Amino acid sequence: MADALLEVRDLKVHFPVTRGALLQRVVGQVKAVDGVSFTVRPGEVLGLVGESGCGKTTVARSILKLVAPTSGQILFDGTDIWAMNKAEEAGLRRRMQAIFQDPYSSLNPRMKIREIVGEPFVIHESSIGRQEIDRRVRDLLDLCGLPGRIADRYPHEMSGGQRQRVGIARALALKPDLIVCDEAVSALDVSIQAQIINLLVDLKDELGLTYVFIGHDLSVVKHICDRVAVMYLGRIAEFAGSDTLFGQPLHPYTRALLDAVPVPDPAVEASTEHQVLSGEIPSPVNPPSGCVFHPRCPIAVEGCRTDVPPLQEERAGHFAACSQVRFETPTASPPSIHSPPMP
Ligand SMILES: Nc1ncnc2c1ncn2[C@@H]1O[C@H](COP(=O)(O)OP(=O)(O)OP(=O)(O)O)[C@@H](O)[C@H]1O
Ligand code: SF4
Ligand SMILES: [Mg+2]
């Protein structure tokens, strides 16, 4: 297996903005993802965070081969997923699965749970019989903490947490290596969220899975992720190990995001002054020049309007895209030497 199970190289996904009676005139581009690079190591949980519209789902959809990149590459186990032959593509479909936010809309309401969870076997392993499929479905439901009797129920007869467990059971059917979880717990009540997170962690350890975990709740991301990429307007602003990112953030955007998180202790929260990020997120159709964060950045200097800051390794394994980081952190140790550095 390659060092990186997944490698995203300078990914750009631009959607055309069309006008006119038949929407045939292209008048601009939505730069949903605009030069994103990162690697996902086997067995890790890689987090993607950032405000709504920053491009997280578009990155996920590109990884899952649901949307074609405008440019850049995505390598799964060393092979470019957009240059695969049919056999490699079939392998990819088994080895990479997804869990989405709303299990209700991703589960066919007219199918019983046994059919939903067993469907991957019907599609990919047509030689196995009904009884064997039923046995495997029971095992998968059990693995995901669901009683076998729910196999005969329909999605609408289950709670949100149970439905998400069904979604996970289905994703596990073909023994994948990588699961992309896009806001997998965001729609659930807080107590149910914790149960599903614990299930994901247990399954990862038991089955040796790797996750790309997308979320906007920073406490959840901090809890489950080994490394985290913070996205802003289609780019990565900062990338580091979870403890480092949450403990010693470098980028002013990450700092503002973390500062906005309420403190759990009500007494401390009451006396805490949160720094409010000024202004709206700019449109990805017409992103700001230079550093895309400059109109909202509390430490911007004149050059930020014109110069695009590259994502640089500021400390070992800690990357930030900000020209002022060095001046803000005089004690920062020199970056480790390997070129070109890539998160
Ligand atoms: N198919 C599409 N056509 C045009 N624009 C799109 C398309 N898909 C996404 N976008 C735009 O691309 C940008 C990024 O969207 P994306 O869904 O990836 O963000 P996100 O970070 O997942 O947001 P959220 O946290 O709300 O889920 C948004 O401005 C969105 O409107
Ligand atoms: S490069 Fe400039 S505008 Fe961008 S985050 Fe750094 S200081 Fe702020
Ligand atoms: Mg999204």
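With my numbering applied, the sequence shown covers 1 to 343. Cβ coordinates follow ideal geometry from the N, Cα and C atoms, glycine included. All of these numbers come straight from a predicted model, not from anything done at the bench.
Cβ shell of serine 242 (< 8 Å), same chain only, five flanking positions each side left out:
Gly47, Val221, Lys222, Cys225, Asp226, Arg227, Val228
Determine which residues share a DSSP beta bridge with aspartate 34 and list them.
Lys12
Pick helix, strand or coil for glutamine 232, following the three-state DSSP scheme.
According to the sequence displayed, residue 232 carries tyrosine and not glutamine. Residue state, collapsed to three classes: strand.
On the DSSP letters alone, give me the boundaries of the beta strand (DSSP E) that leucine 48 sits inside.
45 to 49
Is valine 59 closer than 9 Å to valine 36 when the C-beta atoms are compared?
yes
Does ligand 3 have a heavy atom nearer than 8 Å to the CB of glutamate 89?
no
Using a threshold of 8 Å, is the CB atom of aspartate 182 nearer than that to any non-hydrogen atom of ligand 3?
yes
Cut-off 8 Å between Cβ atoms - residues of its own chain near leucine 203, not counting five sequence neighbours on either side:
Leu143, Cys144, Ile168, Leu172, Leu209
Can you tell me whether alanine 321 sits near ligand 2, meaning its C-beta is under 8 Å from at least one heavy atom of the ligand?
yes
What residues in its chain sit with their C-beta under 8 Å from that of proline 335, if we drop five residues either side in the sequence?
Confidence at proline 335 is low in this model, with a pLDDT of 43, below 50, so the placement of that residue should be treated as unreliable; the coordinate-derived value is given next. The residues are Gln312, Glu313, Glu314, Arg315, Ala316, Pro341.
Where does cysteine 304 sit, in a helix, a strand or coil, going by DSSP?
helix
Close Cβ partners of proline 295 (< 7 Å) along its chain, the five nearest in sequence each way excluded:
Gly279, Pro282, Pro288
Cα-Cα separation, isoleucine 236 to leucine 258
16 Å
Along the chain, where does the alpha helix (DSSP H) containing alanine 194 start, and where does it finish?
190 to 207
Given a cut-off of 9 Å on the beta-carbon distance, is the pair isoleucine 113 and aspartate 139 in contact?
no
Could you compute how far the alpha carbon of glycine 53 sits from the alpha carbon of aspartate 205?
32 Å
Residue interval of the beta strand (DSSP E) (run including glutamine 312)
312 to 315
Is there at least one non-hydrogen atom of ligand 1 closer than 8 Å to the beta-carbon of valine 33?
yes
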